[in-house]
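Sequence lines, in order, name chains R and V.
Position 139 (the first sequence) corresponds to 139 in our numbering; numbering is contiguous.
Quick note: to get our numbering, add 196 to the position in the second sequence (first position is 1).
Below is one structure, written out as structure tokens, with a few remarks after it.
2 protein chains.
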Amino acid sequence: MNFLEERIIKDGVVKSNTILKVDSFLNHQIDIGLLDEIGKEFKKRFDGEPINKILTIEASGIGIACITALHFGVPMVFAKKSKTSNLGNDVYTAEVKSFTHNEVRTIIVSKDYLTENDHVLIVDDFLANGCALKGLISVCRQANATVEGIGIAVEKGFQNGGQIIRELGYRVESLAIVDSMNAKTGAVVFRDQDID
Amino acid sequence: MNFLEERIIKDGVVKSNTILKVDSFLNHQIDIGLLDEIGKEFKKRFDGEPINKILTIEASGIGIACITALHFGVPMVFAKKSKTSNLGNDVYTAEVKSFTHNEVRTIIVSKDYLTENDHVLIVDDFLANGCALKGLISVCRQANATVEGIGIAVEKGFQNGGQIIRELGYRVESLAIVDSMNAKTGAVVFRDQDID
């Protein structure tokens with residue numbers, strides 16, 4: 001097990017067979033030392049790629065994206081969420097369904113901050129059905145920016161987002177892939193990734 | 197002028213006599229080197245205080261709070277925004293009026309992550325009318341946590357939030373205080389703070 005998998009075993013709470021609570025160290029309260037390790041690990045895994053921008057989506061992705069940007073020494077851009085899709089011509093937009101809030105939100109990135117010159121590492125804390133990720137890939141494609149890779153902290157391997165994105169040819173590095181959870185026993189089964 | 201004031205002069209855009217756009221380096225796109233300087237400066241100004249937690253509010257405060265937490269070597273907690281005020285007994289809540297979105301949102305901090313043992317540095321990117329800050333102070337008071345100080349990147353000195361919070365006895369360190377702006381000339385006048 002790597003450092004993140006170990007931490008999930010130690011402090012994650014299995015609320016149901018599909019809901020993993022990491023509020024005490026990754027979301028809401030953030031263990032900054034752990035976040036720094038995550039940023040360092042993304043830098044290690046994507047070392048050599050011509051990444052010049054980190055892209056994420058507000059809100060909970062911002063922390064990981066900032067620390068990752070610090071390790072890469074490049075700017076970070078976060079897509080904003082809006083309730084309206086009528087935002088003028090100076091932004092790229094994509095619609096993202098939120099299962100948590102059961103609504104469709106428009107995500108927005110200014111054309112000033114994402115261009116054809118950008119080689120982007122997309123990062124986020126969670127990957128489940130992949131809706132947020134598909135929106136971020138869409139804005140990169142609209143901008144003719146190159147997606148060099150995707151760095152995820154925790155992937156829910158029992159949902160199909162990771163599979164869909166990988167089948168599209170994107171390189172997705174998830175530090176922990178949860179293949180199953182058991183709410184009765186609290187057990188978490190990680191996918192063996194042959195790393196670390 | 198300090199590093200942040202210089203950057204505002206260089207890249208900030210005065211949209212009106214009250215609106216300063218810092219989207220290219222502090223919000224939306226984030227210059228991570230600048231953010232690192234801000235975190236370092238907060239550490240310098242609050243050095244010696246027994247700070248063991250950084251508190252902010254989603255979304256745009258998260259970046260500054262993470263980098264500040266890295267410099268202090270302590271955890272970061274961000275208050276979440278919710279549309280509902282009916283959230284159970286395991287959270288502290290406060291109502292915060294957003295002038296940007298013209299609505300009242302409830303901010304939430306879990307009782308697990310803010311306690312009487314916490315000595316808190318509250319940080320945020322902007323201070324204007326102080327509504328968000330008052331909400332964060334309120335949740336600290338509910339938790340019997342000690343607010344050791346408040347670190348702000350850009351304060352709008354022509355709005356009364358900073359004055360109100362300082363009159364309540366809180367130490368507010370704003371790295372740049374904008375006393376006035378002129379949309380016609382693009383001029384920004386900073387308050388002289390005798391620091392650098």
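C-beta atoms are modelled at their ideal positions from N, C-alpha and C, and glycine is treated no differently.
Taking 9 Å as the cut-off between beta carbons, the residues of the segment 225 to 236 of chain V near chain R are Gln225, Ile226, Asp227, Ile228, Gly229, Leu231 and Asp232, in sequence order. Burial is judged here by how many other beta carbons sit within 10 angstroms of a residue's own beta carbon; alanine 383 of chain V has fewer than 16 and is exposed. Linking glutamate 173 of chain R to proline 50 of chain R through their CA atoms gives a straight-line distance of about 16 Å. DSSP places histidine 267 of chain V in no beta strand (DSSP E) but in the uninterrupted alpha helix (DSSP H) bounded by 257 to 268. Burial of valine 292 of chain V is indicated by the presence of at least 16 other C-beta atoms within 10 angstroms of its C-beta. Chain order gives no chain R residues near valine 316 of chain V, where near means a beta carbon separation below 9 Å; the closest approach is about 12 Å. Shown here, valine 22 of chain R sits in coil according to DSSP, grouped into three states, outside any helix or strand.
Considering only beta carbons, the part of the segment 252 to 268 of chain V lying closer than 7 Å to chain R consists of Glu254, Ala255, Ile258, Gly259, Cys262, Ile263, Ala265 and Leu266, in chain order.
For aspartate 219 of chain V, the neighbours in chain R by C-beta distance under 9 Å run, in chain order, Ser110, Asp112 and Tyr113. Within the same chain, Val172 come within 6 Å of arginine 166 of chain R by CB-CB distance, once the 5 residues on both sides are set aside.
Take the alpha-carbon of aspartate 90 of chain R and the one of alanine 176 of chain R: they are about 37 Å apart. For valine 335 of chain V, the closest of V:Lys380, V:Ala379, V:Gly345 and V:Tyr288 by C-alpha to C-alpha distance is V:Tyr288. Under DSSP, methionine 272 of chain V shares a beta bridge with R:Ile30 and V:Ile250. Judged by DSSP in its simplified three-state form, alanine 145 of chain R adopts coil rather than helix or strand. The Cβ-Cβ distance between tyrosine 170 of chain R and histidine 224 of chain V does not fall below 8 Å. Secondary structure at arginine 241 of chain V: helix, using DSSP grouped into helix, strand and coil. One thing to note: valine 77 of chain R has its Cβ within 8 Å of the Cβ of lysine 53 of chain R. Burial is judged here by how many other beta carbons sit within 10 angstroms of a residue's own beta carbon; lysine 156 of chain R has at least 16 and is buried. Taking the beta carbon of lysine 80 of chain R as reference, the chain V residues within 7 Å of it are His224, listed in sequence order. Residue-level contact check: valine 13 of chain R does not touch chain V, since none of the beta carbons of chain V fall below 8 Å from its beta carbon. With 16 or more other CB atoms across the displayed protein chains lying within 10 angstroms of its CB, glutamate 5 of chain R is buried. Of the residues assessed, serine 220 of chain V falls on the buried side of the cut-off, its CB having 16 or more other CB atoms within 10 angstroms. At a Cβ-Cβ threshold of 8 Å, aspartate 192 of chain R and isoleucine 152 of chain R do not count as neighbours.
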